[in-house]
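Colleague:
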Amino acid sequence: MITAEHISKSFEGHTVLDDISAEFETGKTNLIIGKSGSGKTVLLKSLVGLHPVDSGTIRYDDTDFTALGFRERKAIRRDIGMIFQGGALLDSSTVAENVQLPLDLFTEQSEEEKRARVEFCLQRVRLRNAGGLYPAELSGGMIKRVAIARAIVLNPKYLFCDEPNSGLDPQTSIVIDNLIHEITHEYGITTIINTHDMNSVMEIGEKIVYIHEGRKWWEGTKDDILQADNPELNAFVFASAMAKRARANVFSGR
Amino acid sequence: MLKILEQIGRYTLLMGKVFSRPEKMSIYRRRIVREMEALGLDSIGLTAIISVFIGAVITLQMSINLESPFIPQYLIGYATRETMILEFSSTVVALILAGKVGSSIASEIGTMRITEQIDALEIMGVNSASYLILPKIVATVFFFPFLAILSILIGIAGGYAISVLTGIMIPDDYIEGLLYDFRPYSIVYTLIKMAFFAFIITSISAFFGYYAKGNSLEVGTASTRAVVASSIVIMIFNLILTQILLI
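Protein sequence lines, in the order shown, are assigned to chains S and V. Each residue of the first sequence is one higher than the one before, counting from -14 in this note's numbering. Each residue of the second sequence is one higher than the one before, counting from 3 in this note's numbering.
Below you can see the structure in the form of structure tokens.
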């Protein structure tokens, strides 16, 4: 479990996160949702330590992450996998080299063991024959899948995904969502996904935290969200025509 | 002025991170070999082309300007050798490499910064500054002096070729000049200078790339700043090193 307790963060006097507290549960896909500019990416990056928080505490299970220095955080970082918005694959390395990098850096495995693990992870994300390609040769969906393979190669306990569907078509988005959801349950990972895609929310959101103007406005499950009595959340959730129809169906009992 | 001091402070802190103990030496060795290829071997062509023409032009200009019965012709070869060894093959080649290699390093690392590749390394627990910059510094500090030697040899060969092709002077006189009053320390001096310049080009360019912000436009700006700053620092250190090593 990852716990944020009263965390605040500002950049040059501008408050981006204001006293946010939330619990992200183990073995579940936890979603942080909100409009563009609401602070959800800063929240995610604060949780992994890329942005040091101004105040508050972040706990990984029983460990106070905010109290640790760079070297002490290393132990926890090895349990973290992260999927960035653009994939963040190393351009100068092949797909296989990208996935193998954490193994090269943090394990004493033989080349053969590493190759087998890389092959397994690529197979897991259904990219069996892409090991020799460079990121520039991949489609958006393939880049995200390689990023997932790299994120899970060290068997992480925590998985962070920053808008994993951005730039993808609806079908590929569902593939990526389902893949993350499957992996979360398969390995019992604490997964936190940052998204504004309502399809993802309705497909895989087991716990949802809604951020608005840097504050937490609501939290609940995907079953609660359609009936939530929160005007800001409703404006966000029912922004699309499809969601409006879904809400109408819920209330008409269809 | 305050901004320059702030930049120097950030640069010093970055170098502290770069030279902290590497995670795994075997990874760094592989990366050093790759960087030698990308930053060193790929610069041989440019260095060779510029050196051969400069060597030829120096010989031509010397022979035109030293045309007098009182000045022995071998001095043309001597002047070409001294110019190539003392200044061209270290300082001028370093300025050219600041443009080629420096801009490449700044834009590569800058792009990695804005596309979150550096963040991805940090998340993995990797010291990204050391992982990305140290192999580049080691590769260039070891390889650029080799480029200086190559430049000297090719420049001198260019001078010889022009004397043979144009008949502007007797080639034997040129060779006599090359051997006249040769001090091996000049080579040591140029190698030391080139190693310093390699460090300056790589570390300054990496610094500008590492702290790039925003979009691709900013990467371009970082790349330009890297070349300008490296060139200025090279000229300053050229003066300092010449004062220390030759006088």
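Note that CB positions come from ideal geometry on N, CA and C, so glycine has one too.
Assuming contact is defined by CB atoms lying nearer than 8 Å, are residue 165 of chain S and residue 178 of chain S in contact in what I supplied?
Modeller: Yes.
Colleague: Under a three-way DSSP split, which group does residue 111 of chain S fall into?
Modeller: If DSSP states are grouped into helix, strand and coil, residue 111 of chain S belongs with coil.
Colleague: So, at 8 Å on beta carbons, what are the nonlocal neighbours of residue 79 of chain S in its own chain, with the 5 sequence-adjacent residues on each side left out?
Modeller: For residue 79 of chain S, where only same-chain residues beyond five positions count, the Cβ hits under 8 Å are 116, 117, 118 and 119.
Colleague: Anything in chain V within Cβ reach of residue -14 of chain S, meaning under 9 Å, just list it in chain order.
Modeller: Those within 9 Å of residue -14 of chain S in chain V number zero; the least Cβ separation is about 19 Å.
Colleague: Would you be able to state if there are at least three C-beta pairs under 8 Å between the stretch 16 to 24 of chain S and the stretch 196 to 208 of chain S?
Modeller: Yes, they touch.
Colleague: According to DSSP, is residue 66 of chain S part of a helix, a strand, or is it coil?
Modeller: In this structure, residue 66 of chain S counts as strand in the three-state DSSP scheme.
Colleague: DSSP beta-bridge partners for residue 0 of chain S?
Modeller: Paired residues: S:-5.
Colleague: How would you call residue 3 of chain V, buried or exposed, if buried means at least 16 neighbouring beta carbons within 10 angstroms?
Modeller: With fewer than 16 Cβ atoms within 10 Å of its Cβ, residue 3 of chain V is classed as exposed.
Colleague: Can you list the residues of chain S that residue 29 of chain V reaches, using a CB-CB cut of under 8 Å?
Modeller: What residue 29 of chain V touches in chain S: 89 and 90.
Colleague: In the DSSP assignment, what are the bridge partners of residue 9 of chain S?
Modeller: According to DSSP, residue 9 of chain S bridges with S:-13.
Colleague: Over what stretch of residues does the beta strand (DSSP E) that includes residue 67 of chain V continue unbroken?
Modeller: Run containing residue 67 of chain V: none in the beta strand (DSSP E); it sits in the alpha helix (DSSP H), 46 to 67.
Colleague: Is residue 128 of chain V helix, strand or coil when you go by DSSP?
Modeller: Looking at residue 128 of chain V - three-state DSSP - the assignment turns out to be coil, as it is neither helix nor strand.
Colleague: Any idea what DSSP makes of residue 41 of chain S, helix, strand or coil?
Modeller: DSSP places residue 41 of chain S in strand when its eight states are reduced to three.
Colleague: What residues in its chain sit with their C-beta under 8 Å from that of residue 14 of chain S, if we drop five residues either side in the sequence?
Modeller: Excluding residues within five positions, the ones whose Cβ falls inside 8 Å are 165, 166, 169, 176, 178, 189, 190, 191 and 192.
Colleague: Could you please tell me which residues of the stretch 9 to 30 of chain V, in chain order, have their CB closer than 9 Å to any CB of chain S?
Modeller: Those residues of the stretch 9 to 30 of chain V that come within reach of chain S (Cβ to Cβ, closer than 9 Å) are 25, 26, 28 and 29.
Colleague: When DSSP labels each residue in this structure, what does residue 210 of chain V get in the three-state scheme?
Modeller: Note: residue 210 of chain V maps to helix in three-state DSSP.
Colleague: Taking only beta-carbon atoms, is residue 52 of chain S less than 8 Å away from chain V?
Modeller: For residue 52 of chain S, the answer is no, since every Cβ of chain V falls outside 8 Å of its Cβ.
Colleague: Say whether the stretch 225 to 238 of chain V touches the stretch 198 to 205 of chain V, bearing in mind that this needs 3 or more beta-carbon pairs closer than 8 Å, one atom from each stretch.
Modeller: The answer is yes - the stretch 198 to 205 of chain V touches the stretch 225 to 238 of chain V, with three or more Cβ pairs under 8 Å.
Colleague: Output needed for residue 48 of chain S: all residues of its chain with C-beta closer than 8 Å, excluding positions within five of it in sequence on either side, in chain order.
Modeller: Counting only Cβ-Cβ distances below 8 Å, and skipping sequence neighbours, we find 61.
Colleague: What alpha helix (DSSP H) runs, 4 residues minimum, are completely inside the stretch 182 to 245 of chain V?
Modeller: With a minimum length of 4 residues, the continuous alpha helix (DSSP H) runs that stay inside the stretch 182 to 245 of chain V are 186 to 212.
Colleague: If you compare alpha carbons, which of V:73, V:96, V:22 and V:138 is closest to residue 38 of chain V?
Modeller: The candidate whose alpha carbon is nearest that of residue 38 of chain V is V:138.
Colleague: State the CB to CB distance for the pair residue 188 of chain V and residue 88 of chain V, rounded to an integer number of angstroms; the pair is presumed to be in contact (CB under 8 Å).
Modeller: About 6 Å; that satisfies the 8 Å criterion.
Colleague: Can you tell me which of S:214, S:96 and S:162 puts its alpha carbon nearest to the alpha carbon of residue 145 of chain S?
Modeller: Among S:214, S:96 and S:162, the Cα nearest to that of residue 145 of chain S belongs to S:162.
Colleague: So that I know if they touch, is there some Cβ in chain V lying closer than 8 Å to that of residue 9 of chain S?
Modeller: Residue 9 of chain S does not count as touching chain V.
Colleague: What did DSSP end up calling residue 54 of chain S once you bin it into helix, strand or coil?
Modeller: In the structure shown, residue 54 of chain S sits in coil (DSSP, three-state: anything other than H, G, I, E or B).
Colleague: Between S:99, S:50 and S:216, which has its C-alpha nearest residue 42 of chain S's C-alpha?
Modeller: Taking only the C-alpha atoms, the option nearest residue 42 of chain S is S:50.
Colleague: Just reading off the alpha helix (DSSP H) that residue 166 of chain S is part of, what are its end residues?
Modeller: Here the alpha helix (DSSP H) through residue 166 of chain S covers 155 to 172.
Colleague: Between residue 72 of chain S and residue 132 of chain S, is the Cβ-Cβ spacing less than 8 Å?
Modeller: Contact flag set, yes.
Colleague: Looking at chain S, which residues of the stretch 114 to 134 of chain V have a Cβ within less than 9 Å of any of its Cβ atoms?
Modeller: Result list: 114, 117, 118, 119, 120, 121, 122, 123, 124, 125, 126, 127, 128, 129 and 133.
Colleague: Interface residues of chain V around residue 142 of chain S at Cβ under 9 Å?
Modeller: Simply none; closest approach about 14 Å.
Colleague: Which chain V residues sit within Cβ distance under 8 Å of residue 178 of chain S?
Modeller: In chain order: nothing, as chain V lies at least about 15 Å away.
Colleague: Alpha carbon to alpha carbon, how far is residue 156 of chain S from residue 102 of chain V? Give it in angstroms, no decimals.
Modeller: Cα to Cα, the separation comes out at about 44 Å.
Colleague: Going by C-alpha distance, which of S:-9, S:-11 and S:18 is nearest residue 149 of chain S?
Modeller: Nearest of S:-9, S:-11 and S:18 to residue 149 of chain S, Cα basis: S:18.
Colleague: Shortest alpha-carbon distance to residue 123 of chain S belongs to which of S:139, S:186, S:106 and S:74?
Modeller: Here the closest residue by C-alpha is S:74.
Colleague: To the nearest angstrom, how far is it from the Cα of residue 90 of chain S to the Cα of residue 82 of chain V?
Modeller: One C-alpha to the other measures close to 50 Å.
Colleague: Does DSSP classify residue 90 of chain V as helix, strand or coil?
Modeller: Note: residue 90 of chain V maps to helix in three-state DSSP.
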